[in-house]
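So the sequence lines, in the order shown, correspond to chains V, F and Z. Numbering-wise (our numbering), the first sequence opens with residue 1 and increments by one. Numbering-wise (our numbering), the second sequence opens with residue 1001 and increments by one. Numbering-wise (our numbering), the third sequence opens with residue 2001 and increments by one. Heads up, the beta-carbon is just placed ideally off N, CA and C, and yes, glycines get one too. To start, the structure under review is shown below, and the notes come after it.
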Amino acid sequence: MGELLRQTWTIARKDLLLEFRSRTAIVSAVVFTALVLTVFNFGRDPTAVSALDLAPSILWVTFTFAAMLGLNRAFQLELENQAIEGLLISPLDRRSLYWGKLLANLAFVAVVEAVGLPLFVLFFNVPVGHVLLPLLAVMALATLGFVAVGTLFSAMVVRTRFAELMLPVLLLPFLLLPLTYAVQATARLLADRPLSEVAGWLRLLAAYDIVFLAVASWLFPYTVDE
Amino acid sequence: MLWAEGLRHAFNEGRVVALDDVSFNLAAGQTLAIFGPNGAGKTTLLKVLAGLIRPQAGSARVAGGRRAIGWIGHQSQLYGHLSVRENLLFWASLYGVPRAERGARATDVLARLGMTDRAEQPVWSLSRGLVQRAAIAKALIHEPRVLLLDEPFTGLDLGAAAELRALLAALRGAGRALVLTTHNVDEGAELATDVAFQLRGRFVQYAPRAGRGSAEIAEAYRRAVAGTNG
Amino acid sequence: MTMAQKGRWLVVTGLVLLGGVYVRALAFTPVERFQGPAQKIFYVHVPAAVTTELAVILLGLAGVFYLFLKDPRLDRFAESSAEVGTVFASIVLTTGPIWGKPIWGTWWTWDARLTSTLFLFFLLVGYQVLRGAVTDGALRARYSAVLGICAVVLVGFIHLSVYLFPTLHPQPIVLKPSKPSLPGAMLLTLLLSFGVFLLLYVGFVMQRYAIATRRAESFHG
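Dropping the structure here:
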């Protein structure tokens, strides 16, 4: 077990180090998020629909797209110089590879969300301060759901043609669930509904996370090994 | 140290035969050079030995498992944006080299390969020959008993190739077993203790080198290739 | 009789019986009180939607077995099930709006059946897109198994979440085919229809499986 954790950390640390060195992906993802939020602003009629009604959907659609950008790069990094082969030849436990990539992806998306949320508050004038903690909980749980399945699928599509297109096509039906739960929870939070109403959605998110983390980590070795 | 028994493997639903009943053993200190044209299945054989591919039939085993294997191919398997040293430390960690030893071993292997002054450079900035050397450093950092080399001379100029040959000759000692594949007889013949020709997945010849020079082996290879095509 | 021939017989029989079900539904089954004659699409839609879901569940199960047994026949079955499921889903998604427009006034509604079938449709199309993008047979089978298993878990999760969190229920993503308590004659028509669609599913899958087998054999030959 200790070995698994150690290897997981080795992989995650390497990915984060690489990301920090080149910074291309994270900067692009952050800029993309800002652009999407801007597009949403110009794409609606402010007199027809209040920001508060649309806000949860806008926020979560933006985060979903940002997550996908992050997920695509996870295994792309390993293609350069065929590092992936080196990883598979080594005694690296395949589950550690999954968990390591998962952690790195989570960190990536967390950074994007950390920039995206304040921008969202700014652009749409939606106060979130009073519900910040529960909102962060929703974000953490939903992001975990996105990345759990996304890490698994990105390992598969990296070896196919049109990987960047394949990933959304395969992944979005799976993201629909945490997305819906997150939007429902966020809507209630922003509408100042009592926490008891939000709790059910949080529990659903947590259930989704547990189920899919288990399934994805079980299935992951089959995507890289014979 | 290395056993292969009845290996069979084919791609594309059986249309491309990569391994056709390949069997051999290697003991410590032996170097097997496998010559064959492109598509003969040499890389597939090495991948089966390395545990990357599970053969459709037969079995292969390396004493000590994955930890005992060092791989050198034409792709370096290094991360471009990390320095040579950072790469070495990463791979050392994956191979279970204790943390306290990693730094020292990295320094040592870099010195052996004459790369000490390049240690902090990012891999993307190195020339092909230096990348190859860095890849060898990576393969050696965990002190593997078995080295698998897949066409390691690809893309190297004459100077770099001669250096590599000298390096491999030095590595042969100390109880290691080496398996080297190439399509150019001159590159590997002098290093080998045993020679095999692989054509269309099959070991058409497999014999100890027995003092033969590379010219003689090249001639035998030419005949073997002509024989199969004729 | 070869599998393809048996399959063909089943399909023909199924289509004939389907005609019979139509007749029974239109002429011999009472008209539903609130929705009128328009409700009769129900006898075709519900079984078709359920069969789509069955196709997804079976391909997922085939995936689980494939990962353990590595038998390519399981992969061929999964491939067939996916295609047949897509056909059934397309039928629901095209006839639904066509039927719905004159009755409800809109082409599309996010009712439980159409929404869930659309969802399954996306899963099935994704499955086939993935298959199309991988050339190596063994890799394709493994990837398909992984995706198929995830799809089944997703479908299962959705069903369970509806039961375990009933207060959150009124949302469009409900895959539970609503089976209201029906009076005898209507229930019988529905059950007959289920039977016919099951027959059609099996028949189509057998034919498709035979094609897949022939394709695989022509490679080895």
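- With a 10 Å radius around the Cβ and a threshold of 16 neighbouring Cβ atoms, V/H130 comes out exposed.
- The Cβ atoms of Z/M2003 and Z/Y2209 sit closer than 8 Å to each other.
- Only residues of its own chain outside the window of five on either side were considered, and among them A2055, Y2201, F2204, V2205 and R2208 have a CB closer than 7 Å to the CB of Z/V2084, listed in chain order.
- Contact annotation: V/L69 and V/F20 have beta-carbon atoms that are not nearer than 8 Å.
- By the neighbour-count criterion, in which a residue is buried when 16 or more other Cβ atoms sit within 10 angstroms of its Cβ, Z/D2075 is buried.
- When DSSP assignments are scanned along the stretch 1101-1180 of chain F, the uninterrupted stretches of alpha helix (DSSP H) that are 4 or more residues long and fall wholly within it turn out to be 1128-1140 and 1158-1171.
- Assignment of F/E1013 by DSSP, reduced to helix, strand and coil, places it in the coil class.
- DSSP, reduced to helix, strand and coil, places F/Q1198 within a strand of the structure shown.
- Taking 9 Å as the upper bound on Cβ-Cβ separation, chain V lies near residues W1091, S1093, L1094, Y1095 and G1096 of the stretch 1091-1103 of chain F.
- Remark: C-beta atoms of V/T8 and V/S96 approach each other more closely than 8 Å.
- No Cβ of chain V is located within less than 8 Å of the beta carbon of Z/S2090.
- According to the DSSP assignment, Z/T2002 belongs to no beta strand (DSSP E), since it is labelled neither H nor E.
- The C-beta of F/L1180 comes no closer than 8 Å to any C-beta of chain V.
- Listed along chain Z are G2126, L2130 and L2147, each with a C-beta nearer than 7 Å to that of V/L170.
- A direct Cα-to-Cα measurement between V/N41 and V/V30 gives close to 17 Å.
- Counting along the chain, the unbroken alpha helix (DSSP H) around V/A104 starts and ends at R94 to F124.
- By a beta-carbon distance limit of 8 Å, V/F120 contacts V/L37. Their separation comes to about 6 Å.
- Per DSSP, Z/I2098 is one residue of the alpha helix (DSSP H) stretching across P2072 to W2104.
- Going by DSSP, F/I1034 is part of the beta strand (DSSP E) stretching over T1031 to F1035.
- By the rule that beta-carbons nearer than 8 Å mark a contact, V/P178 does not touch chain Z.
- In this model, Z/V2016 and Z/V2046 are separated by some 19 Å (Cα to Cα).
- As computed with DSSP, F/E1005 is found in a beta bridge with F/S1059.
- By alpha-carbon distance to Z/F2165, the top candidate from V/E197, V/L170, V/T160 and V/L171 is V/E197.
- Among the residues of the stretch 84-109 of chain V, those with a Cβ less than 7 Å away from any Cβ of chain F are E85, G86, L88, I89, S90, P91 and L92, in the order of the chain.
- When beta bridges are read from the DSSP output, F/V1022 appears opposite F/L1007.
- For F/F1203, DSSP records a beta bridge to F/Q1198.
- Distance check between Z/Y2043 and each of Z/L2061, Z/L2018, Z/F2065 and Z/I2057 places Z/L2018 closest, using alpha-carbon atoms only.
- Counted as a single uninterrupted DSSP element, the beta strand (DSSP E) harbouring F/W1071 occupies residues I1069 to I1072.
- For F/Q1132, the closest alpha carbon among the candidates F/G1065, F/V1022, F/L1113 and F/E1005 is that of F/L1113.
- Near chain V, meaning a CB-to-CB distance below 8 Å, the residues of the stretch 1059-1079 of chain F are G1065, R1066, R1067, I1069, W1071, G1073, Q1075, S1076, Q1077, L1078 and Y1079.
- Rounded to the nearest whole angstrom, the CA to CA distance from V/A107 to V/W60 is 18 Å.
- Taking F/L1049 as reference, the option from F/R1061, F/G1070, F/L1032 and F/S1127 with the minimal CA-CA separation is F/R1061.
- Just measuring C-alpha positions, the residue of F/G1155, F/L1052 and F/P1037 sitting nearest F/G1065 is F/L1052.
- If you look at V/L17, you'll find it in the alpha helix (DSSP H) that goes G2 to S22.
- Residue burial annotation: F/A1174 is exposed, with fewer than 16 other C-beta atoms found within 10 angstroms of its C-beta.
- Nearest Cα to F/F1197 within the set F/D1186, F/F1011, F/I1034 and F/R1212: F/I1034.
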